[in-house]
Amino acid sequence: MKNVRKDSGKKNIVLLVLPEVQLLDIAGPCDVFTSANRFLGDDESGYHVFMVSGTSEKVIYSSSGMPLTCSHTIYDIDFHVDTFLVAGTSLAIVDDINPDLYHFLQNISTKVRRLGSVCIGAFILAKAGLLKGKQVTTHWKYANALQQAYPELEVNINPFFIRDKPIYTSGGVSSGMDLALALLEEDFGKAVASEVARHLVLHLRRPGVQLQFGNALPDYDMMTALTKDVRDLLKDKLGQSISIEYIADTMHMSIRNFSRVFLKESGMSPGKFLEKMRLDQARNMLEYTEMSIDMIADKCGLGSSVSLRRVFLKHLSLSPAQYRKAFKGVE
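Numbering-wise, the working numbering puts 391 at position 132 of the sequence shown, and it's gapless, one number per residue.
Here is the structure:
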């Protein structure tokens, strides 16, 4: 942004931009902050928002191919930063980032009031060593990868954003807007944040959890050999009564050894894995069939609609009926 008084009373917000960034990672939070300026109506309060390149180039190409022109790069920031947010990119880009960026982040983390990330941006903060001991979130699809790469973190896939001051992390893509609204509420109160949310046709606090949008279990390709074998064994038997003893016997292991090894490899107990398989099958049936909720509960091995409702509320914070209404395709 040009001709901005960076020493005014406004808070300076920086959105770090890297190649292959998703536009909504940048545009979503930016619209929240700039909309707040209109509602505040005061030249000396609100925000200045800057797109800053994480490379030496000011023009960065997004994942959709659209060029984004940044006002600064990490090499020429000449103003105080209040809040610094790292937008997401692809994991391939994360693996190929110039070490200068990590040094920059380590330095600026000691100078800002708030440091945060949108989507996969959490991987960048983690690689810079800035998330140790913190509870964090990221895009639901990559939460297991983040936990495995950085076991010292407490990765929680459910929230749309997590505040573990002074670190703020958000989930996938549009969750950056949920985070921005929370930051706005911190700064200027619920009334202003609510006005901005209504203007942008958003919930101030989005109902449900991030896991509503992804599978309860990790992608098949990310599973270990044992986890894949168990999944393949169970996928056509979910409507039946299945014991852990049966699974262990089929894997030619004792119950104790199987439970120990499975927990180590998958990050969850065999019972929890089975429950999540049933949850994912029920979600699929709710989205793509006209079966009654009682019939779906029976076919998934959960017995009754009461049990199915309990599992949905436990994992998704939605009832089966609410889930079907939200995610079933257009008639």
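Beta carbons: idealized from backbone N, C-alpha and C, even for Gly.
Cβ-based neighbour list, residue i, same chain, cut-off 8 Å, excluding 5 preceding and 5 following
i    : result
L459 : D290, V291, S294 and M436
G498 : D557, K558, C559 and G560
A456 : L440, H462 and L463
Q406 : L412, V414 and G526
I379 : G347, T348, S349, L350, V353, T397, H398 and Y401
K449 : L463
S578 : R568, F571 and L572
Y505 : none
Option nearest residue i by Cα separation, candidates the options
i    : options                   : result
L461 : H574, Y306 and L438       : L438
S429 : K496, F382 and M310       : F382
D284 : Y306, G305, S349 and D335 : S349
K269 : F338, E279 and T314       : F338
S630 : V432, E444, L384 and A450 : The shown model of the chain, from 260 to 590, leaves out residue 630, and the question about it has no answer.
G305 : S502, S578, M527 and E444 : E444
N543 : S576, R583, R519 and G562 : R583
A404 : D301, M482 and M325       : M482
F532 : L327, F571 and L476       : L476
G526 : E504, L485, Y505 and E454 : L485
E279 : T314, D301, P418 and F472 : T314
M550 : F521, H574, A580 and L522 : A580
T396 : K386, I416 and I503       : I416
I336 : L364, P358, P326 and I319 : L364
L360 : S368, I333 and A450       : I333
S502 : V520, K523, S528 and S330 : S528
G375 : P358, N366 and I426       : I426
Beta-carbon contacts of residue i that lie in its chain and below 6 Å, excluding the five residues immediately before and after
i    : result
L342 : Looking at the sequence itself, residue 342 is Thr, so the reference to Leu does not match. Cβ neighbours of T342 beyond the five flanking positions: I272 and R373.
K587 : E546
D553 : S564
Y409 : A385
L389 : S368
K261 : For K261, the predicted structure reports a pLDDT of 44, less than 50, and the residue's modelled location is therefore unreliable. The matter cannot be settled from this model.
V318 : P326 and T328
Exposed unless 16 or more other CB atoms sit within 10 angstroms - verdict on residue i
i    : result
Q536 : Contrary to the premise, residue 536 reads as Met rather than Gln in this sequence. So M536 counts as buried.
E534 : buried
R515 : exposed
Q540 : buried
V377 : buried
D354 : exposed
V570 : buried
D446 : buried
G287 : buried
H398 : buried
Y479 : exposed
A351 : exposed
A387 : buried
A452 : buried
P418 : buried
H362 : exposed
Close beta carbons around residue i, own chain, < 7 Å, minus the five adjacent residues each side
i    : result
K391 : E411
Q394 : E413, N415, I421 and D423
G473 : W399 and K400
Residue i CB to nearest heavy atom of the ligand NAD below 6 Å
i    : result
L350 : Absent from the structure shown: the ligand NAD. Ligands present: none.
Worksheet item: Taking one C-beta from the region 294–314 and one from the region 268–282 each time, how about it: are there three or more such pairs within less than 8 Å?
Response: In short, these stretches touch, since the Cβ pair count reaches three.
Worksheet item: Between the region 482–491 and the region 502–514, are three or more C-beta pairs nearer than 8 Å?
Response: Yes, the region 482–491 is in contact with the region 502–514.
Discussion item. So within the region 276–338, which uninterrupted beta strand (DSSP E) runs reach at least 3 residues, ignoring any that extend past its ends?
Written reply: Counting only unbroken stretches of 3 or more residues, the beta strand (DSSP E) elements lying wholly within the region 276–338 are 306–312, 318–320 and 326–328, in sequence order.
Worksheet entry | Start-end ranges of the alpha helix (DSSP H) lying completely within the region 355–433, minimum 4 residues | You should have 358–367, 380–386 and 402–408.
Discussion item. List, from N- to C-terminal side, the alpha helix (DSSP H) runs of 4 residues or more that fit wholly inside the region 520–571.
Written reply: Within the region 520–571, the complete alpha helix (DSSP H) runs of at least 4 residues are 529–547 and 552–558.
Worksheet entry | Within the region 425–509, ranges of the beta strand (DSSP E) (whole runs, at least 3 residues) | List check, beta strand (DSSP E) in window: 426–429.
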